[in-house]
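Heads up, the thing below is written out as structure tokens.
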Amino acid sequence: MALTLEQELALLALLNDKKTTLSELPAATELGSDDLMLTRQGIIDKSITGDTLKRYVMPPEASLTVSGIVRLNSAVDSRDETTSATPKAVKEAYDLAKGSLVKSANLSDLTDRLEARKNLGLSDIPSLCYPVGAPIPWPSDIIPEGYAAMVGQAFDKALYPQLAKAYPSGVIPDMRGWTIKGKPESGRDVLSYEMDGNKAHTHTASISNTDLGSKATSAFDYGTKTTSSFDYGTKTTNSAGAHTHASQASIGFGRDAYVNIAANGDNNSRNYSVTIPSAGAHTHTVGIGAHTHTVGIGSHSHSIALGSHLHNISINESGNIEVTIRNISFNYIVKLS
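44 is the number of the first residue of the sequence shown in our numbering; add one for each residue after it.
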């Protein structure tokens, strides 16, 4: 039995409006069940407008409040509430959940903690504590990646702009053998060097003035000592010594005649000059002979007067080649950024 389009639409209206059920149609339309199924299929197969099909044939789309056809969706990041997730979307969501962190684990379930810290910008804890450019004491000669030892070298300011802000000259200070000192109020420039030195001071020194008095050496008897023996032979004196003498003589006459030689004449005598010959020059022989002398030294002592006096003092040099304090050696490193 062929139905017109109007009849078919009327049948659909009865069904959609629930004024009758499919089992009641045969009695209502005098159609058999088979005819009704063919009629329904024919209606679906016919070219009718989308609006008509949606109104009389297609169920409504499901929503939170209306039952109907649910569309599938494989997206795992959608916030749509009118579609349903496909198994593919469910698996992706499961895999994401499986690989996610468990809050109660407090990050202990990380598979690669170093990589995670790097991805979070936490690859080095000092980078959080020290700004770029700050010297960092490092207890090793192996410099960590991303850092440089502070040995006075130049760096690329374009490659490390943050470091260039700290050191506009483009040169990292040489920290070998140097310590860091807070900038004084005297107006000294930042990053300026100060050589080692002692604070200006004076010394006082004195030596006590002590009278050591007179000291006596120890007594010792050196006994009698004998000089060496030497024969000086026989020595002769010289023959000089010839000389004359002046004298006067007086002659008397008579029974008591006499001859008087006086050293000086007078008026009653006659003066005569008498010369005594000079003969008689002679020498003497002195025999010295070999002999020795003895010297008696005897037991004796000597006294030494020291008296009150002063001494000069020379102070010897001591200490290191530079002023130091007790210290431990570290390398200074700086973050490259």
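All C-beta atoms in this analysis are idealised placements derived from N, C-alpha and C, irrespective of residue type, glycine included.
Every value quoted in this text rests on a predicted model; they were computed, and no experiment measured them.
Exposure of residue i, with buried meaning 16 or more beta-carbon neighbours within 10 Å
i    : result
K161 : exposed
P103 : exposed
I215 : buried
Y210 : buried
Y203 : buried
Heavy atom of the ligand COA within 7 angstroms of residue i beta-carbon
i    : result
M218 : For the structure depicted, the ligand COA is absent and the ligand set is empty, with no information on it obtainable.
DSSP-derived helix/strand/coil call for residue i
i    : result
A306 : Because the pLDDT of A306 is 48, which lies under 50, any placement of that residue in the model is unreliable, and the number read from its coordinates should be weighed accordingly. Residue state, collapsed to three classes: coil.
D254 : strand
N363 : coil
E104 : strand
K224 : coil
R114 : strand
V214 : strand
K131 : helix
I368 : coil
S346 : strand
A197 : strand
A209 : helix
V233 : coil
A148 : helix
A285 : coil
A324 : coil
A385 : Since the displayed the chain opens at 44 and closes at 380, residue 385 lies outside it and no answer follows.
Contact under 8 angstroms by Cβ, residue i with residue j
i    : j    : result
V366 : L206 : no
Y375 : M193 : yes
A285 : A324 : yes
N281 : T337 : no
S346 : D264 : no
G111 : A105 : yes
L115 : T129 : yes
P187 : F373 : no
A197 : G220 : no
S380 : V175 : yes
M218 : P182 : no
DSSP bridge partner residues for residue i (one or two, in chain order)
i    : result
V377 : A191
L353 : For L353, which the question treats as bridged, DSSP gives no partner whatsoever.
W181 : N374
V119 : For V119, which the question treats as bridged, DSSP gives no partner whatsoever.
K242 : BP columns for K242 are empty, so no partner.
A140 : Answer is none; A140 lacks a bridge partner.
H334 : F273
D264 : S342
Rounded distance between the beta-carbons of residue j and residue i, thought under 8 angstroms
i    : j    : result
A259 : S344 : 5 angstroms
L353 : I250 : 6 angstroms
T269 : T335 : 5 angstroms
V113 : S127 : 5 angstroms
Minimum Cβ-Cβ distance from residue i to chain B less than 8 angstroms
i    : result
A248 : Chain labels in this structure do not include chain B; a single protein chain is all it has.
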